[in-house]
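Residue numbers (the working numbering): 20 to 494. Backbone N, C-alpha and C define an ideal beta-carbon position, used for all residues, glycine too. Below is one structure; the comments refer to it alone.
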Amino acid sequence: MSGMGGLHGRGRQPVELDLDLLVSVCSDLGSVYVNDAGEKRYRKSDDCLGCLKDLQRFLRNDDPDLRTVFFKLASFETPRTDLLPLLTTYPGDEEIVTAALKVLTFLTMPVNPTSADPGRQLEAQRAIKVMFCKAEAVAVVLSLVTKPLSRHPRMSKDDASTVQLVLSFLRNLLQVPDEVWTQGQVSKSGIPQRLQQVFLSTLFAEHAMELIGTVCSHAGSRPFRDELPTLLSLVSAILSGVGPRDLAGVRAPTTVHRRAAPAPAAQQAGPAAGGGGGARGGGQQCPDWDQPPPSQQEQQAPQPPPGPTDAVLEGVLAARRAQRAGMLAAGPRLHSRARGTFVRQHGEHSEKVVYLANRFDKAELVAAPPPPAVTKPLDADADAIPSTLGSDVLWQMRGWVVEMLAGGYNVMMGAARRELEPGLGISMMDADDYANFLRVVHVFTGFARRMQQPAPAAAAAAAAAEAAEGGEGEQ
């Protein structure tokens, strides 16, 4: 499968720009006309496909430092006047849609901060991102991968390249940062302040996030195994500005229906692969993860008298709360000094698993001194700044993370870990891939840890309540 490395223009010598030819190519893409009903419509030219391929060659040979072709197309407003109308007017023409999407992918590649005027480049990319906050534009892009994914695992090279192109384009748009505003400042470009939130809402509405999760669940097999760097950067861009605390603390909005739980088959995924620190629970969904944390007003609100059915349900819940309080009183469920562990013993002709007890868990031996107290939480720096996403998008993001933990996360991170194990400089992945891997691990495992292990204050309160009940029983 051909990679996207050519999009960066690396290894190519920039050629002298023929401005007249570039203007001719842009003007020959198509034109706007008025139909009999007085409505404006876009009509492609006879040589539209050839012009789109010429634009790809211009961008491929663009000077990576000066970005002359990029700035010319931005000044011509070619994405708004020609590329987007081509996508929405001719969604059934796969050649035109694919060629136009390749040009857009060139234009949205990550900006090199050492190139000319990076702020102006980001402004042009934000304008493209605004265009794809419309559902019809995203729907046309996603329609390209419908047939290729239906042929998996017998996908051709063209099918794999099409899926790679769509994933790269979505990744590029997600990596475009929001405009930084000061308090009281008004955007001169008219771009929404929370552009990432609007774009993510569109992706959720058009089921693009489900498509990404499906691809991640097959990341261990070809051709998606070759796209692990793209998948890691895509998931990392989705989680940009979102921390485990944001996902664990968000409450379900009243206007959003709760998503259905994953199928039982999807809940039997293997243990999460996060550099040895994957999400606990073997990929099975915790029943409490889809429940929003109760607010203080809900806890203090008067409750109606229980009926016959409510009494039975209340009894079951009370038994469950008592069981949980007993578990909390026994100590935290996740701790570093476990009582023992299972190890594999290698013999000459056999391999067996034995239980190796902790040698410090004996009365005649003195345990090692406890480690020094941690002055701040492990993820304090990452969660210090709250997320700028709204509660609606955060709740949808939480549901997507839960579904990923049920299957896709384990497959993708397991395959990525095997590729990263040789180490930087030996592995085929670069430093950015390692950073994206650690970022994804931090969010997913941090969320799983927060949902599986209650807060210290809650654990202490439950243990104190259990002790008080035990004292009353003795009296």
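{"Check": "Does L36 come out as helix, strand or coil in the three-state DSSP assignment?", "Outcome": "coil"}
{"Check": "Under three-state DSSP, which class holds V116?", "Outcome": "helix"}
{"Check": "Fully enclosed by the region 127-189, which alpha helix (DSSP H) runs are 4 residues long or longer?", "Outcome": "137-150, 154-162, 165-169"}
{"Check": "What are the complete beta strand (DSSP E) segments, minimum 3 residues, inside the region 52-118?", "Outcome": "59-63"}
{"Check": "Between the beta-carbon of A435 and the beta-carbon of L230, is there less than 7 Å?", "Outcome": "no"}
{"Check": "Quick one: grab the DSSP three-state call for G49.", "Outcome": "strand"}
{"Check": "Relative to the C-alpha of H237, which candidate in M423, G49, L123 has its C-alpha closest?", "Outcome": "M423"}
{"Check": "Taking 8 Å as the cut-off, does the region 87-94 touch the region 50-62 (at least 3 CB pairs, one atom from each stretch)?", "Outcome": "no"}
{"Check": "Specify whether the region 129-143 and the region 182-189 touch according to this definition: at least 3 beta carbon pairs, one from each stretch, less than 8 Å apart.", "Outcome": "no"}
{"Check": "Which residue from G465, N455, V460, V42 puts its Cα closest to that of T249?", "Outcome": "N455"}
{"Check": "To which residues of the same chain is T133 closer than 8 Å at the C-beta, ignoring the five residues directly before and after it?", "Outcome": "D84"}
{"Check": "Residues in the same chain with beta-carbon distance under 8 Å from T233, minus the five sequence neighbours each way, listed in chain order, please.", "Outcome": "L168, G427"}
{"Check": "Give a yes or no on whether the C-beta atoms belonging to D178 and R190 are separated by under 7 Å.", "Outcome": "no"}
{"Check": "Please state if the CB of T407 and the CB of G260 are separated by a distance shorter than 7 Å.", "Outcome": "yes"}
{"Check": "Using a Cβ-Cβ cutoff of less than 8 Å, which residues in the same chain neighbour L163 once the five nearest sequence positions on both sides are dropped?", "Outcome": "E113, V116, T117, L120, T181, L184, V185"}
{"Check": "In this structure, how does DSSP classify G334 when only helix, strand and coil are distinguished?", "Outcome": "helix"}
{"Check": "By Cβ distance, which residues of its chain are closer than 6 Å to D197, with the 5 residues on each side in sequence left out?", "Outcome": "L214, Q215"}
{"Check": "Going by DSSP, what residue range makes up the alpha helix (DSSP H) through F218?", "Outcome": "214-224"}
{"Check": "Can you look up L443 in the DSSP assignment and give me helix, strand or coil?", "Outcome": "coil"}
{"Check": "Buried or exposed for I147, going by 16 or more other Cβ atoms inside 10 Å?", "Outcome": "buried"}
{"Check": "Return the first residue and the last residue of the alpha helix (DSSP H) that F466 is part of.", "Outcome": "450-471"}
{"Check": "Within a Cβ cutoff of 7 Å, which residues of the same chain sit near C152, ignoring the five residues on either side of it in sequence?", "Outcome": "V217, F218, T221"}
{"Check": "Assign L126 to one of two classes, buried (16 or more other C-beta atoms within 10 Å of its C-beta) or exposed (fewer than that).", "Outcome": "buried"}
{"Check": "Using alpha carbons as the reference points, say which of L439, W419, Q75 lies closest to L258.", "Outcome": "W419"}
{"Check": "Comparing C-alpha positions only, which one of V195, A271, E225 sits nearest to S253?", "Outcome": "Strictly speaking, residue 253 in this sequence is Leu, with Ser absent from that position. Nearest of V195, A271, E225 to L253, Cα basis: V195."}
{"Check": "Check R417 in the structure and name its three-state DSSP category.", "Outcome": "helix"}
{"Check": "So, are the CB atoms of C70 and L105 less than 7 Å apart?", "Outcome": "no"}
{"Check": "Check each candidate in P110, R244, R458 and name the one with the smallest Cα separation from E155.", "Outcome": "P110"}
{"Check": "The alpha helix (DSSP H) that contains G232, what's its start and end?", "Outcome": "227-236"}
{"Check": "Hey, could you find the ends of the alpha helix (DSSP H) T273 is sitting in?", "Outcome": "Premise fails: T273 is in no alpha helix (DSSP H) and is neither H nor E."}
{"Check": "Let me know if L38 comes out buried or exposed under the rule of 16 or more other beta-carbons within 10 Å of its beta-carbon.", "Outcome": "exposed"}
{"Check": "Return the CA-CA distance between L41 and R76, expressed in angstroms with no decimal places.", "Outcome": "11 Å"}
{"Check": "Near E35, what residues of its chain come up, given a Cβ to Cβ distance below 6 Å and the 5 sequence neighbours on each side ignored?", "Outcome": "none"}
{"Check": "Roughly how many whole angstroms lie between the Cα atoms of R264 and L336?", "Outcome": "26 Å"}
{"Check": "Using the Cβ count rule (16 or more neighbours within 10 Å means buried), how would you classify K63?", "Outcome": "buried"}
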